[in-house]
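Below is one structure; the comments refer to it alone.
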Amino acid sequence: MSYASEHQRSLNEPEKFWADQASKIAWFKQPETILESLDDGTHRWFGDGELNSAYLALDYQIEQGRGEQTALIYDSPVTNTKKQYTYTELRDQVARFAGALTELGVGKGDGVIIYMPMVPEAGIAMLACARIGAVHSVVFGGFAPHELAIRINDSKPKVVLTASCGIEFTKVIEYKPLVDEAMNQAEHKPEKVVVLQRPQAKAQMQEGRDLDWYEVFNKAEPVGCTPMNSSDPLYIMYTSGTTGKPKGIVRDNGGHAVALHYALRNIYNMQAGDVWMGCSDVGWVVGHSFIMYGPLMGGCTTVFFEGKPVRTPDAGTFWRVVEEYKVNGMFAAPTAFRAIRKEDPEGEKFRQYDVSSLKHIFVAGEKLDSPTYHWLHEISQKPIYDHWWQTETGWPVTAPATALGATDIRVGSTNRAVPGYDVQVLDPMGTQLDANTNGGIAIKLPLPPGCAQTLWNDHERYLNSYLGEYPGYYHTGDGGYIDENGFVYIMGRTDDVINVSGHRLSTGEMEELVAKHPAIAECAVIGVHDALKGQVPVGLLLLKDGVDADHKALEAELVAMIREQIGAIACFNRAVVVDRLPKTRSGKILRAVLRKIANGEDYAMPSTIDDESILPEITEKMVEEGLAPDAVID
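Next up, the structure:
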């Protein structure tokens, strides 16, 4: 079947199309009701089906004869450690740790937070939660205690799983003090903290609360798989929201499994026995979908990599992994390849390795710029596929359907809509726009399986944030256009969420923190283009009257404050004092205009602006500070 006919069938006959896909995974109880539309505009897939995600990833694969096949390869150049697990070995580890959680009182529906580096135990913990029906929430180890405390309060976990440390290049980052501080800040107090002691740092344990990972593991008995309803939550993944409060995206069990199996086979063209490398972290949705669940549910070998694309030990580390494990497909953010290109512009490190096993390279997480695309394609001589999706969708929205022969590439496009997605470009009134016309990118309902249908403890916010903008559509928050051949071009966010090295961060949250400084009267934080990271935040500050602060010292204080409250991952390194900020007559800061100035884009004078004279003034200031090239006012 061709891509065009499959995509059309998925839109015309969604129930039949997804019933066919659902038949390809192993259910405990096969669903009879495929799609239900609910009164609030959401919908439910496979509502009467029962299954278990850990069973699909492990036990079922063993039943298919893959017990001795390698399931997970752990490669950690930062610790000089390598380890491999067969499907049987990984199943046994997961079943036993699931037993340990059970003995700690964790059961179906209970919350577990996982705050860990990229070690196999993190993946084992995820699958152990899935095995017993606990709802895991993985929090990236780089987040500050304040952010972890917010997630503890929202998800109310019974147990926190952590490690004594993570490693960034050669720097050891102790996690336990961060967890302890988060626990002090949090109103909700988890009952236990289970700590994986790593040799690079020894964590101090709090008597009565903290437990050693392998002590509880070694005492436990393995447990089986708990049957889960298709709609039961599998995990919560927190993503930035425009209010500064993170949104807890809820992923279900059934739709997630069906969608990942479909994507693995049809987008990435990975078959059972293939080796797949997702160059991400389990703190992000890519790590969930295409390091842990997707590859294992598809019978593949997945590479679990602890390190960076450069300086671990050099810019050839990804290619060394490809050669050593005969990797067939890989996925990384453009940031990773920009970093490699910066350190290995001529591809000398690349040519040291045999990457002939590699079919193709996928990139996503931020916009793939054409210089990076051309460089990567030239040195690798492999197909380079950009594609686009979100934490909320859990799997690609636009991508090449490589298994269906749809491998065309348009540089600058994230490819065409994946079967199951009806992607459209709308004007502010919700009217569909013609080809090559910029507007808001939306997905016509129903969303395909696997996409979030609610937020943890905040369904109204889900309805307002995603379904309220355009009735009958899911609002992606991204803007762009679709060309006459159906190729989608993502031009950037339409809200204040920016993309820093593939990580979605809220400038609104940063503004809220900056505004707490006693010298600051008002501020705007905007995302500006960065050649390496995609976007970085920059603060524009108004001082309170009478404040005579040293501007550089103030900038250093704010940078340190954001680092403490959000983490170094925010990359907040510039804060510039200005005399005025452009506003509408109603007092709203014209952030969209400021972004365009910073990125050298043309803009029209907004009809609602309070004082036209401020735009040339602030443009001059931003150019002077090196925050913007010359901008043009139409």
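Residue numbers (the numbering used here): 1243 to 1876.
Just so it is clear, CB atoms sit at the ideal spot from N, CA and C, and this is done for glycine as well.
These numbers were taken from a predicted model, which means no experiment stands behind them.
Simplified DSSP state of residue i, which is helix, strand or coil
i	result
A1659	strand
S1252	helix
C1371	helix
V1874	Any reading at V1874 needs caution, since the residue's pLDDT is 45, under 50, leaving its predicted position unreliable; the model's value is listed next. Three-state result, V1874: coil.
N1727	coil
R1652	coil
S1743	coil
S1379	strand
Y1245	helix
D1422	helix
K1444	coil
A1261	helix
K1489	strand
G1525	coil
L1782	strand
L1314	strand
Q1303	helix
T1825	Per the sequence shown, the amino acid found at residue 1825 is Lys instead of Thr. In the structure shown, K1825 sits in a strand (DSSP, three-state: E or B).
R1735	strand
I1533	helix
L1697	strand
Y1297	helix
First and last residue of the uninterrupted beta strand (DSSP E) at residue i
i	result
V1789	Careful: V1789 lies outside any beta strand (DSSP E) and carries neither H nor E.
N1322	Here N1322 belongs to no beta strand (DSSP E), and DSSP marks it neither H nor E.
Q1666	V1665 to L1668
G1353	G1353 to Y1357
W1287	H1285 to W1287
G1682	G1681 to K1686
Y1627	I1626 to D1628
DSSP beta-bridge partners of residue i
i	result
G1842	Paired residue(s): none; G1842 is not in a bridge.
S1707	S1707 is not bridged to any residue.
Q1777	H1771
N1570	According to DSSP, N1570 bridges with nothing at all.
D1454	V1437
W1518	T1544 and G1571
V1402	I1355 and V1435
D1494	P1475
S1279	H1285
E1292	K1271 and N1471
H1717	A1684
R1604	A quick correction: the sequence has Phe, not Arg, at residue 1604. Partner(s): F1573 and Y1627.
Q1674	L1668
Check whether residue i and residue j have beta carbons under 8 Å apart
i	j	result
F1546	G1307	no
V1767	V1756	yes
G1769	R1703	no
K1400	V1361	no
K1786	A1802	no
R1493	G1607	no
P1464	D1334	yes
V1605	F1579	yes
Y1708	H1701	no
N1460	H1430	no
A1391	D1352	no
P1469	N1294	yes
M1358	L1438	yes
Segment limits, alpha helix (DSSP H) that includes residue i
i	result
Y1510	It is not in any alpha helix (DSSP H) - Y1510 carries neither H nor E in the DSSP assignment.
T1749	T1749 to V1756
A1817	No alpha helix (DSSP H) holds A1817; the beta strand (DSSP E) holding it covers R1816 to V1819.
H1616	S1612 to S1622
S1397	P1387 to S1397
I1415	Not the alpha helix (DSSP H): I1415 falls in the beta strand (DSSP E), residues K1413 to E1416.
E1410	From DSSP, E1410 is part of no alpha helix (DSSP H) but of the beta strand (DSSP E) over C1407 to E1410.
G1341	Y1329 to E1345
T1861	I1856 to E1866
Nearest-angstrom Cβ-Cβ length linking residue i and residue j, presumed shorter than 8 Å
i	j	result
G1722	R1735	No, G1722 and R1735 are not in contact; Cβ-Cβ is about 10 Å, not under 8 Å.
G1497	S1472	7 Å
P1688	H1285	5 Å
H1629	T1656	5 Å
L1774	A1581	6 Å
C1765	E1751	With a Cβ gap of about 12 Å, C1765 and E1751 do not count as contacting.
V1436	V1458	6 Å
I1267	V1500	6 Å
G1540	R1507	7 Å
C-beta neighbour in chain C for residue i, strict 8 Å
i	result
F1411	The chain labelled as chain C is not found in the depicted structure, where only one protein chain is given.
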